[in-house]
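The structure under discussion appears below in the form of structure tokens.
Number of protein chains: 2
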Amino acid sequence: MMEALRKAIEEQGVGLEKSIVKVDSFLNHRIDVALSTEMGRALAAAFAEDHVELVLTAEASGIAVALTTAQALGNVPLVFAKKGDPLNVGPNVYTANVFSFTKQVMNTIRVDRSYLPEGTRVLIVDDFMANGEAVEGLRKLVMQAHCTLVGVGICVEKGFQPGGDRLRAAGIKYVPLAVVDAIEDGRIVLREM
Amino acid sequence: MMEALRKAIEEQGVGLEKSIVKVDSFLNHRIDVALSTEMGRALAAAFAEDHVELVLTAEASGIAVALTTAQALGNVPLVFAKKGDPLNVGPNVYTANVFSFTKQVMNTIRVDRSYLPEGTRVLIVDDFMANGEAVEGLRKLVMQAHCTLVGVGICVEKGFQPGGDRLRAAGIKYVPLAVVDAIEDGRIVLREM
Chain W
10 MMEALRKAIE EQGVGLEKSI VKVDSFLNHR IDVALSTEMG RALAAAFAED HVELVLTAEA
70 SGIAVALTTA QALGNVPLVF AKKGDPLNVG PNVYTANVFS FTKQVMNTIR VDRSYLPEGT
130 RVLIVDDFMA NGEAVEGLRK LVMQAHCTLV GVGICVEKGF QPGGDRLRAA GIKYVPLAVV
190 DAIEDGRIVL REM
Chain G
10 MMEALRKAIE EQGVGLEKSI VKVDSFLNHR IDVALSTEMG RALAAAFAED HVELVLTAEA
70 SGIAVALTTA QALGNVPLVF AKKGDPLNVG PNVYTANVFS FTKQVMNTIR VDRSYLPEGT
130 RVLIVDDFMA NGEAVEGLRK LVMQAHCTLV GVGICVEKGF QPGGDRLRAA GIKYVPLAVV
190 DAIEDGRIVL REM
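Chains W and G supply the protein sequences, listed in that same order. Residues in the first sequence are numbered from 10 upward in steps of one, following the working numbering. Residues in the second sequence are numbered from 10 upward in steps of one, following the working numbering.
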């Protein structure tokens, strides 16, 4: 595991109840920019042999690390799937439904078809893996577009929730930079890796 | 104006009706990562003497250029204001209302108080300036937090809408990297600068 990420989780992460991992102070509200850049480099290194042509994420908190990953992959384009339904986006989109456990709502994510050309080698990147709904929605967009999914890169996985194991079981190349195995009395227990 | 940005707007931007500037293909849906990095450098250079301690933006599409600006300012932290009201965020927040003309809805944006410490020198960065509602909301957060606003950096201003001129009239240091003066028969007319 990246030492800087381990240190940030141990020093700044907050475990709440049995399942909430709060890493707002460096990952998904306030962003530690040097750490974000370093995580992007680590994810790019993990997929360096996979000929990634495009990084795909979902708004909003995945955008930072998806961007630093795309930078480290030699400035491949980054596409972020949008939520909701603004007026100035046409009907020419791929869509997927994503249930947010955090917000307890169903969102529709969408990508303009022209930004996922058929055959593109796509790396999905997100900040967090819990139940895996967001990544599952992004995978559906990749499949609809007839792109090739080369893998999934994640900053922090909650190992006690099913999203990560589902990807492993599906035989997808999956790289989490850190895995939280449990929360014990407010302490975040990280997996050795 | 940044030559690379001018080129991207002229070659890829689409003008619709009298006021819609569509720059989805490189700025706010698909992101041209090299251009985003270059825009961040240009904004950082414009505020190099202003002792920026923190970059503030609003989710979602401002995050990319806010991050590259923070990188170019020597990895100062980036904070993005969140929309809506998820379950795992406490009441300890600053909030402001933002009307989205694009989506025709009122959003509440918020920042955790601990991420805007009193006295911090804040640079607001966003991808787009039109009516200026988003930046106005971010300014309110900065004021509530008793931080110092050093300025506002923007990728693309729609010069025929009031947001940019309102900042200029208020005497705030304001740097747009490109200004669209009009849309004429689908062609985007850029201001010489």
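Even for Gly, the Cβ is constructed at its ideal location relative to N, Cα and C. Just so you know, these numbers come straight off a predicted model, no measurement behind them.
Given a threshold of 16 other Cβ atoms within 10 Å of its Cβ, counted over all protein chains shown, does residue i qualify as buried or as exposed?
i	result
G:Q80	buried
W:G83	exposed
W:P185	buried
W:A179	exposed
W:L25	exposed
G:R39	buried
G:V114	exposed
G:F110	exposed
W:V120	buried
W:A90	buried
W:M152	exposed
W:R101	Looking at the sequence itself, residue 101 of chain W is Asn, so the reference to Arg does not match. Under this definition W:N101 is an exposed residue.
G:A54	exposed
G:K92	buried
G:R196	exposed
G:G128	exposed
W:K112	exposed
G:R200	exposed
G:E20	exposed
W:V198	exposed
W:D194	exposed
G:R148	buried
G:M202	exposed
G:E58	exposed
Could you give the residue range of the beta strand (DSSP E) that holds residue i?
i	result
W:G24	V23 to L25
W:S109	V102 to S109
G:A69	From DSSP, G:A69 is part of no beta strand (DSSP E); its letter is neither H nor E.
W:K91	L87 to K92
W:K182	No beta strand (DSSP E) holds W:K182; DSSP gives it neither H nor E.
G:T157	T157 to K167
G:D135	R130 to M138
G:D121	V114 to D121
W:L199	R196 to L199
G:V30	I29 to K31
Kindly indicate the opening and closing residues of the alpha helix (DSSP H) around residue i.
i	result
G:T77	I72 to A81
G:E47	V42 to A55
G:V144	E142 to Q153
G:R175	G172 to A178
On a Cα-Cα basis, can you pick out the residue from the options that is closest to residue i?
i	options	result
W:K170	W:E193, W:F108, W:V188 and W:D59	It should be noted that the sequence gives Gln, not Lys, for residue 170 of chain W. When only C-alpha atoms are compared, the closest one is W:V188.
W:R50	W:S28, W:A73 and W:I29	W:A73
W:L52	W:D174, W:I163, W:E193 and W:G168	W:I163
G:L150	G:R15, G:L44, G:A105 and G:H60	G:A105
W:P86	W:S123, W:V198 and W:N116	W:S123
G:A43	W:L125, W:Q21 and W:T77	W:T77
G:G160	G:K27, G:E20, G:F56 and G:I29	G:F56
W:M11	W:T46, W:L176 and W:I29	W:T46
G:P126	G:Y103, G:D136 and G:L14	G:Y103
G:D190	G:S28, G:F108 and G:T117	G:S28
W:L132	W:M138, W:L14, W:V61 and W:V23	W:V61
G:V30	G:T117, G:R177 and G:E166	G:E166
W:F137	W:L63, W:K16, W:A75 and W:A13	W:A75
G:F108	G:G172, G:K182, G:R130 and G:D41	G:G172
G:V134	G:T117, G:V88 and G:D174	G:V88
W:D41	W:L63, W:V23 and W:I18	W:I18
G:R130	G:M48, G:K16, G:V23 and G:L63	G:L63
For residue i, verify whether its CB is less than 6 Å away from any heavy atom of the ligand SAH.
i	result
W:R39	Summarising the ligand content, the structure contains no ligands, and the ligand SAH is consequently not present.
Problem - Cβ contact (3+ pairs, closer than 8 Å) linking the segment 33-50 of chain G and the segment 141-160 of chain G - result: They do not touch, by the three-pair rule.
Handout entry: Residues of the segment 40-51 of chain W with Cβ closer than 8 Å to any Cβ of chain G, in chain order
Key = Residues of the segment 40-51 of chain W with a C-beta atom less than 8 Å from some C-beta of chain G are I40, D41, V42, A43, S45 and T46, listed in chain order.
Handout entry: Contact list for the segment 162-174 of chain W against chain G, Cβ threshold 8 Å
Key = Within the segment 162-174 of chain W, not one residue has a Cβ closer than 8 Å to any Cβ of chain G.
Practice task
Select from the segment 11-43 of chain W all residues with a C-beta closer than 8 Å to any C-beta belonging to chain G, and list them in chain order.
Solution key: Close to chain G, meaning a Cβ-Cβ distance shorter than 8 Å, are the following residues of the segment 11-43 of chain W: L25, I29, K31, D33, S34, H38, R39, I40, D41, V42 and A43.
Exercise for the section: Check whether the segment 155-164 of chain W touches the segment 60-73 of chain G, taking contact to mean three or more Cβ pairs, one atom from each stretch, closer than 8 Å. Expected result: Put simply, the segment 155-164 of chain W does not touch the segment 60-73 of chain G. Fewer than three CB pairs are less than 8 Å apart.
Exercise for the section: Closer than 7 Å, Cβ to Cβ, to anything on chain W: give me those residues from the segment 54-72 of chain G, in chain order. Expected result: Contacts with chain W (Cβ-Cβ distance below 7 Å) from the segment 54-72 of chain G involve E68, A69 and I72, listed in chain order.
Exercise for the section: Report the residues of the segment 117-130 of chain W with a CB closer than 7 Å to any CB of chain G, ordered along the chain. Expected result: Listed by position along the chain: D121 and Y124.
Handout entry: Residues from the segment 150-162 of chain G in contact with chain W, defined by Cβ distance under 9 Å
Key = Of all residues in the segment 150-162 of chain G, none has a Cβ within less than 9 Å of some Cβ in chain W.
Practice task
With 8 Å as the limit, tell me which residues of the segment 76-89 of chain G have their beta carbon closer than that to any beta carbon of chain W; keep them in chain order.
Solution key: When CB distances to chain W are screened at a threshold of 8 Å, the residues of the segment 76-89 of chain G falling below it are L76, T77, A79, Q80, N84, V85, P86, L87, V88 and F89, in chain order.
Exercise for the section: Check distances from the C-beta atoms of the segment 181-201 of chain G to those of chain W and list, in chain order, the residues that come in under 9 Å. Expected result: Along the segment 181-201 of chain G, there is no position whose C-beta sits under 9 Å from a C-beta of chain W.
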